[in-house]
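In UniProt numbering, the protein residues as written are 1 to 132.
Quick notes on the structure that follows.
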């Protein structure tokens, strides 16, 4: 009988301790899984265009003016047959484009925004890599 009485006295949370809160390590692993994966663009996957890029005055997109951005958009439209690219949706300089996410590009150009984003990020990465 003593055995049964001890079972009735024991609280299940004490008998089988389970952490009420995840540890800091478990929490950080969970948060890491929730973060978006950074997209890496490889040169091998990039489509080489037959159009030449000699019309760009600055290799560094951070130095582009509004006219340079419009010229880049026209070039991308012709090179990749993007019909729905409207330059009036990108009335900004190169620094403004640097602040845009892929979602912002896709919002402005639903079909082709991802391509614009990856091309711009490639140019930016090449410029930043060559300046350091």
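Beta carbons are placed, not taken as given, at the ideal position from N, Cα and C, and that holds for glycine.
Keep in mind the model is a prediction, meaning the values are calculated, not measured.
- Residue range 94 to 98 is occupied by the alpha helix (DSSP H) that includes residue 96.
- In the three-state reduction of the DSSP assignment, residue 87 falls in the helix class, which pools H, G and I.
- Assignment of residue 110 by DSSP, reduced to helix, strand and coil, places it in the coil class.
- Counting the other Cβ atoms within 10 Å of the Cβ of residue 110 gives fewer than 16, which makes it exposed.
- When secondary structure is reduced to three states using DSSP, residue 75 falls in the helix class.
- The shortest C-alpha to C-alpha distance from residue 120 to any of 82, 83 and 100 is the one to 100.
- In the same chain as residue 58, and ignoring 5 residues on each side of it, the C-beta atoms closer than 7 Å to its own belong to 64 and 68, in chain order.
- For the pair residue 126 and residue 72, the Cα-to-Cα distance works out to about 16 Å.
- Linking residue 124 to residue 97 through their CA atoms gives a straight-line distance of about 10 Å.
- Look at residue 118 here: in three-state DSSP terms it is helix.
- Taken through DSSP and simplified to helix, strand or coil, residue 60 comes out as coil.
- In this structure, 66 is the residue among 66, 115, 116 and 130 with its C-alpha nearest to the C-alpha of residue 88.
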